[in-house]
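Chains as they are written, first to last, in the UniProt record's numbering: chain D, 1 to 196; chain P, 1 to 196; chain S, 1 to 196; chain A, 1 to 196.
Every residue gets a Cβ at the ideal spot worked out from N, C-alpha and C, and that includes glycine.
Please read these numbers as outputs of a predicted model, since none were measured by experiment.
As structure tokens, the structure follows; a few thoughts come after it.
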DNA sequence: GCCTAAACGAGACGGTACGTCAAGTCTTTAC
DNA sequence: GTAAAGACTTGACGTACCGTCTCGTTTAGGC
């Protein structure tokens with residue numbers, strides 16, 4: 001095992017400079033034309049420094065776009081309906097925003113050819129989301145709002161999919177009040193049916 | 001204007017050979033490595049013949065994957081719940097299948113940089129789907145199952161998004177009985193709430 | 001494997017370790033793939049220690065390959081022919097040997113872009129060689145073997161060039177008895193003509 | 001075997017444009033900084049077109065610098081001394097000139113790691129030169145100027161090496177009248193001794 | 001039955017991005 | 001205080017793919 005404390009440590013500022021450069025470029029030219037060379041130039045960094053940290057352009061952009069704090073834990077609101085709204089808001093905050101909107105399709109495409117990226121995406125995003133859903137549903141059962149644990153995949157698909165489709169398939173503008181306001185009531189009903 | 005009847009007519013078999021080659025390659029190597037050169041070679045066709053028919057790789061693959069009969073009109077089942085199940089089945093038949101699964105992410109990514117493809121995708125797919133939804137909802141209103149027209153975008157996002165997320169974001173296997181069986185009841189409830 | 005005694009007390013052996021590493025690597029992979037990193041790793045030395053001693057890879061390899069006693073002063077044999085043979089033997093001892101053979105072309109190429117290296121090469125090698133030639137020719141004139149000082153450049157070119165071409169352009173094996181035996185008689189004649 | 005008449009034929013002008021670009025760049029910036037990208041840009045050509053023709057930068061530059069007519073057959077002058085002068089002039093015309101002078105060291109270095117290039121260099125240059133030498137020596141024997149065939153390698157090394165060393169090792173300016181005038185007499189004597 | 005327009009397979013073309021690698025410099029920690 | 005470890009910038013390399021373009025050839029409809 002290599003001793004990480006030996007040698008020159010990685011420069012702290014580079015990660016931030018890269019993240020910032022990626023954000024700028026995604027906004028200006030989109031994912032496809034957001035070149036690795038352009039990122040390096042914009043960040044004032046050599047390409048080698050990039051590939052020392054991330055193993056491909058996709059991983060780089062993924063890391064720059066999906067911050068570690070990407071998915072904040074939704075609070076317990078006291079009701080299932082409120083919790084659904086919270087989850088929808090959390091999903092929206094992760095999927096909305098100009099950076100993610102322009103990066104996500106490209107990332108999903110590149111992820112197909114890169115199982116490692118799929119894994120990272122899964123654990124950093126889906127698994128955490130799933131976890132929050134489990135907590136939400138457990139609380140609802142404890143409260144008596146649900147008789148039993150609904151099909152987790154179905155719940156996940158409906159909540160995540162509704163927001164994703166709105167933004168990336170239908171390309172419709174975010175409704176005033178966000179997805180929580182527009183979808184919480186109806187998706188709450190859908191979850192209730194599944195847990196009956 | 002050029003006289004279309006002059007010159008050598010286009011060879012009939014090419015379209016089929018190309019579609020078949022694309023199908024094979026998508027299954028074997030995925031969208032990214034499904035190269036135009038590879039398609040041409042596999043189909044025993046020159047690249048010029050491809051670009052004479054389609055204006056980009058994305059359009060080519062799109063045409064090969066999304067048949068014109070991609071979205072069959074769902075039948076009137078007599079109840080809103082039945083109609084929702086029908087629509088879900090129609091969406092599933094369009095999004096499921098090995099070819100679409102491997103092609104869709106790449107197509108969505110390429111579509112970002114190609115407004116023409118977005119348009120074609122939209123009119124061939126989304127608009128038709130939207131149309132079916134309107135019919136479905138109108139019938140439900142006529143039957144008294146809904147008090148008013150629900151937010152169309154929300155309905156569309158929930159129905160399409162649930163299936164899409166299940167297949168392409170969560171990468172979960174299709175449930176036994178299809179999405180109609182798994183999602184119809186709960187999404188029916190969601191629609192009812194929106195139309196209350 | 002971690003070596004706990006890493007650090008300062010290596011100062012003494014570094015030059016030898018580097019020379020040895022360069023020798024090994026030149027033999028194993030040639031000049032181009034004889035990387036500075038590889039040299040450092042093989043010598044168990046940091047790159048900084050190398051660049052503290054030599055100002056470029058070329059200087060480093062040059063120093064490792066061309067010993068300071070690279071060109072021993074040829075003895076006075078009493079005849080011009082004998083002296084020519086001595087000089088040829090001296091040149092051979094400098095240019096022959098597996099290390100020099102694999103390093104020389106690369107060094108000459110790098111020297112193009114590095115005037116300092118040209119200077120070092122010139123003074124350590126060519127100037128000394130030139131000096132020996134002058135002595136040799138002066139002695140020959142004193143003996144009456146030559147009527148006048150021949151064109152020094154021409155003599156130098158013929159003696160050095162014949163050996164260099166044999167080894168590095170024609171890539172022919174060293175003749176039995178060395179170049180002194182094979183070339184001394186004819187190059188002696190050539191020199192005599194020039195001094196006539 | 002592939003049918004050379006199939007497909008789009010290679011554009012005639014590219015070879016010339018590349019050769020010209022290489023010549024310019026060698027003169028302006030030398031071999032090391034004569035980049036493949038720079039060559040392509042200067043020639044108004046894509047890199048793919050270069051790598052379709054030559055398998056490496058070294059081959060490319062080699063082909064651009066060593067024209068096929070690089071080594072004109074020296075004429076029969078009627079005397080061995082005259083023939084030696086002719087050969088020297090031919091070698092000079094191949095090794096002299098600003099392009100070759102700046103390219104040759106780099107090429108020799110790259111040739112070490114590329115046996116194919118060594119082979120091409122050998123057959124296009126050395127073998128032809130060797131051939132001319134054989135003819136020259138045979139004529140001299142027929143004339144009675146030589147008693148027997150001298151050691152061909154030695155003759156080759158002396159003639160080629162003298163010119164090469166003068167130009168590329170000693171970096172001395174070409175003598176007035178060229179190498180034929182300066183070296184023919186003495187090297188003629190050297191050859192005579194070898195053929196005695 | 002020629003003539004001509006348009007299609008065909010093959011493959012070269014310009015452009016652009018990718019990911020790799022080497023040289024030489026700089027920075028931290030360990031001894 | 002010096003040395004090893006290793007991150008850094010710079011910049012070239014060779015590969016891959018896209019969409020376009022020429023070739024030489026084939027296929028029909030129009031004269």
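query: What does the alpha-carbon distance come out to for the pair residue 176 of chain P and residue 171 of chain D?; result: 31 Å
query: Spell out whether any CB of chain P is found under 8 Å from the CB atom of residue 154 of chain D.; result: yes
query: Interface residues of chain A around residue 105 of chain S at Cβ under 8 Å?; result: 105, 108, 109, 111, 112
query: Where does residue 173 of chain A sit, in a helix, a strand or coil, going by DSSP?; result: coil
query: Can you list, in chain order, the residues of its chain with a C-beta nearer than 7 Å to that of residue 71 of chain A? Leave out the 5 residues immediately preceding and following it.; result: 90, 94, 125, 128, 129
query: Run the CB neighbour count on residue 99 of chain S, radius 10 Å, all protein chains shown included, and call it buried at 16 or more, exposed below.; result: buried
query: Do you know offhand how far residue 61 of chain A's Cα is from residue 30 of chain A's?; result: 11 Å
query: Can you tell which of S:135, S:48, S:164 has the C-alpha that lies nearest to the C-alpha of residue 78 of chain S?; result: S:135
query: Count the C-beta pairs between the segment 140 to 158 of chain S and the segment 145 to 165 of chain A that are closer than 8 Å, then say yes if the count reaches three, no if not.; result: yes
query: If the criterion is Cβ atoms closer than 8 Å, does the pair residue 109 of chain A and residue 105 of chain S meet it?; result: yes
query: What is the rounded straight-line gap between the Cα of residue 150 of chain D and the Cα of residue 57 of chain P?; result: 42 Å
query: Taking a cut of 8 Å between CB atoms, which residues from the UniProt domain "HTH tetR-type" (12 to 72) of chain S lie near chain A?; result: 30, 31, 32, 33
query: Taking one C-beta from the segment 10 to 24 of chain A and one from the segment 36 to 49 of chain A each time, how about it: are there three or more such pairs within less than 8 Å?; result: yes
query: Starting from the beta carbon of residue 102 of chain S, find every residue of chain A whose beta carbon is closer than 8 Å, and list them in chain order.; result: 112
query: So residue 76 of chain A contacts chain S; which residues on that side make the cut at Cβ distance below 7 Å?; result: The premise fails here: residue 76 of chain A is roughly 23 Å from chain S at the closest Cβ pair, so nothing lies under 7 Å.
query: Near residue 118 of chain A, what residues of its chain come up, given a Cβ to Cβ distance below 7 Å and the 5 sequence neighbours on each side ignored?; result: 111
query: What number of angstroms, rounded off, separates the C-alpha of residue 190 of chain S from the C-alpha of residue 141 of chain A?; result: 20 Å
query: Helix, strand or coil for residue 187 of chain S per DSSP?; result: helix
query: Does the Cβ of residue 2 of chain D have 16 or more other Cβ atoms within 10 Å, making it buried, or fewer, making it exposed?; result: With a pLDDT of 48 at residue 2 of chain D, under the threshold of 50, the modelled position of this residue cannot be trusted; read the value that follows with caution. Exposed.
query: Please decide whether residue 182 of chain A counts as near chain S, where near means a Cβ-Cβ distance under 8 Å.; result: yes
query: Step through the CB atoms of chain D and report whether any lies within less than 8 Å of the CB of residue 158 of chain P.; result: yes
query: Alpha carbon to alpha carbon, how far is residue 114 of chain D from residue 32 of chain P? Give it in angstroms, no decimals.; result: 11 Å
query: Name the residue from D:59, D:195, D:50, D:132 whose alpha carbon lies nearest to the alpha carbon of residue 183 of chain P.; result: D:195
query: Taking Cβ to Cβ, would you say residue 147 of chain P is nearer than 8 Å to residue 88 of chain P?; result: no
query: Helix, strand or coil for residue 113 of chain S? Go by DSSP, reduced to three states.; result: coil
query: Let me make sure I understand the geometry here. Which of D:188, D:37, D:83 has the alpha-carbon closest to that of residue 132 of chain D?; result: D:83
query: According to DSSP, is residue 47 of chain D helix, strand or coil?; result: helix
query: Out of curiosity, what's the CA-to-CA distance linking residue 160 of chain D and residue 35 of chain P?; result: 32 Å
query: Using C-beta distances below 7 Å, list every residue in its chain close to residue 17 of chain S, excluding the 5 sequence neighbours before and after it, in chain order.; result: 43, 44, 45
query: Decide if residue 9 of chain P is buried, meaning its Cβ has at least 16 other Cβ atoms within 10 Å, or exposed.; result: exposed
query: Would you kindly work out how many angstroms separate the C-alpha atoms of residue 81 of chain A and residue 5 of chain A, rounded to a whole number?; result: 49 Å
query: Can you give me the C-alpha to C-alpha distance between residue 75 of chain P and residue 54 of chain D, rounded to a whole angstrom?; result: 50 Å
query: Using a beta-carbon distance below 8 Å, is residue 178 of chain D in contact with chain P?; result: no
query: Flag residue 93 of chain S as yes if its beta-carbon sits less than 8 Å from any beta-carbon of chain A, otherwise no.; result: no
query: Compare the C-beta of residue 1 of chain D against all C-beta atoms of chain P and say whether one is closer than 8 Å.; result: Any reading at residue 1 of chain D needs caution, since the residue's pLDDT is 42, under 50, leaving its predicted position unreliable; the model's value is listed next. Not one chain P Cβ lies under 8 Å of residue 1 of chain D.
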